[in-house]
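K.L.:
This is the structure, below, for whatever I ask next.
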Amino acid sequence: MDSWWRLGENDGYHGNELAVNQITCPFCLEQGNYKLAHHREKSKPNSQKILNFDTYECGNCKGYVLVLWSASEFGSGFHNYHVLPWPLRIDTYPNYWPESVGRFWIQAKRNLIQENWDAASLMARSALQAAIRDSKAEGNNLKQEIEYLAREGILPPIMKEWSDALRELGNVSAHPLPDQPPTNPQDASDIVNFLDFLLEYLYTLPHRINEYRKRGDKK
Numbered sequence: 004m005d006s007w008w009r010l011g012e013n014d015g016y017h018g019n020e021l022a023v024n025q026i027t028c029p030f031c032l033e034q035g036n037y038k039l040a041h042h043r044e045k046s047k048p049n050s051q052k053i054l055n056f057d058t059y060e061c062g063n064c065k066g067y068v069l070v071l072w073s074a075s076e077f078g079s080g081f082h083n084y085h086v087l088p089w090p091l092r093i094d095t096y097p098n099y100w101p102e103s104v105g106r107f108w109i110q111a112k113r114n115l116i117q118e119n120w121d122a123a124s125l126m127a128r129s130a131l132q133a134a135i136r137d138s139k140a141e142g143n144n145l146k147q148e149i150e151y152l153a154r155e156g157i158l159p160p161i162m163k164e165w166s167d168a169l170r171e172l173g174n175v176s177a178h179p180l181p182d183q184p185p186t187n188p189q190d191a192s193d194i195v196n197f198l199d200f201l202l203e204y205l206y207t208l209p210h211r212i213n214e215y216r217k218r219g220d221k222k
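Take the sequence shown: its position 78, counting from 1, is numbered 81 in my numbering, and each next residue is one higher.
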């Protein structure tokens, strides 16, 4: 997004009103239990576009979140928002991801937050393998499966490099030696970040392109 005025234009959540029921309290983790405490808005000059600045109070713990949100100016039926602060706990993944990929990704993220470095690396590797196999990779092991997708043009060179880096870092936790030292925290963070890039490439970008095509078909 190159401008805040683009918020909610053609992507985000369905509907023209803020999906408060989807916002999770960052303090008590209760979802959708809010009441509006304060509202301000800013209008784009010579346009119907509005940015909403809302403060919501959690009905459970009385904590507050600040929500910047906006609906599409052109009636595409979308809106999007950003919340501050956001929950550090991760409970969901995009609904267009395979279940196994999302499940392992959530566990990788949670273990990273809890500073369980070995477990974070292992779950990231598991998510990688689930995604690679979901892409119909062939081979006797993860290394061969990554090479197969690279040969088929499914993974470009930079993504193959990232996938191999993720695989190698994850192998340390997946196949530990008797005197194996703990996983380095920075390595664990890197492996999960590499995983995010890979899933963006394999699932999020194709999904966004498909949504764009659907909008074009409706015109």
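Even for Gly, the Cβ is constructed at its ideal location relative to N, Cα and C. From a predicted model like this one, the values you see are computed outputs, not experimental measurements.
#1: Rounded to whole angstroms, what is the Cα-Cα separation between R136 and R43?
#2: Are the beta-carbon atoms belonging to A127 and A111 less than 8 Å from one another?
#3: Cα separation between Y204 and P188?
#4: Could you tell me the distance, in whole angstroms, from the CA atom of R113 to the CA atom of P179?
#5: Y37 lies in the beta strand (DSSP E); which residues open and close that run?
#6: Thinking just about the alpha-carbon of each residue, which of N174, H210 and I26 is nearest to the one in D190?
#7: Work out the CA separation of L10 and E150 for me, nearest whole Å.
#8: Spatial neighbours of N36 within its chain, please: C-beta separation below 8 Å, excluding the five flanking residues on both sides.
#9: If the criterion is Cβ atoms closer than 8 Å, does the pair F200 and A168 meet it?
#10: Please report the distance separating the alpha-carbon of W7 from that of A177.
#11: Is it a yes or a no for the region 151–159 touching the region 79–97, going by three-plus beta-carbon pairs under 8 Å?
#12: Does DSSP put H178 in a helix, in a strand, or in coil?
#13: Can you check whether the CB of T58 is closer than 8 Å to the CB of L71?
#14: So, helix, strand or coil for S73, using DSSP?
#15: If the criterion is Cβ atoms closer than 8 Å, does the pair S129 and L152 meet it?
#16: Going by beta carbon distance, what residues of the same chain come within less than 8 Å of I109, once the five residues before and after it are set aside?
#17: Any idea if A74 is buried or exposed, counting beta-carbon neighbours within 10 angstroms, 16 or more meaning buried?
#18: Going straight from the alpha carbon of L21 to that of P101, what length do you get?
#19: Pick helix, strand or coil for Y99, following the three-state DSSP scheme.
#20: Do you know how far the Cα of F56 is from the Cα of N213?
P.N.:
Here's the rundown:
#1: Rounded to whole angstroms, the gap between the alpha carbons of R136 and R43 is 48 Å.
#2: yes
#3: 25 Å
#4: Cα to Cα, R113 sits roughly 21 Å from P179.
#5: Y37 to S46
#6: N174
#7: About 38 Å.
#8: C28, C61, G62 and N63
#9: no
#10: 43 Å
#11: no
#12: coil
#13: no
#14: S73 falls in the strand class under three-state DSSP.
#15: no
#16: Cβ neighbours of I109 beyond the five flanking positions: I93, D94, T95 and Y96.
#17: Residue burial annotation: A74 is buried, with at least 16 other C-beta atoms found within 10 angstroms of its C-beta.
#18: 27 Å
#19: Looking at Y99 - three-state DSSP - the assignment turns out to be coil, as it is neither helix nor strand.
#20: 31 Å
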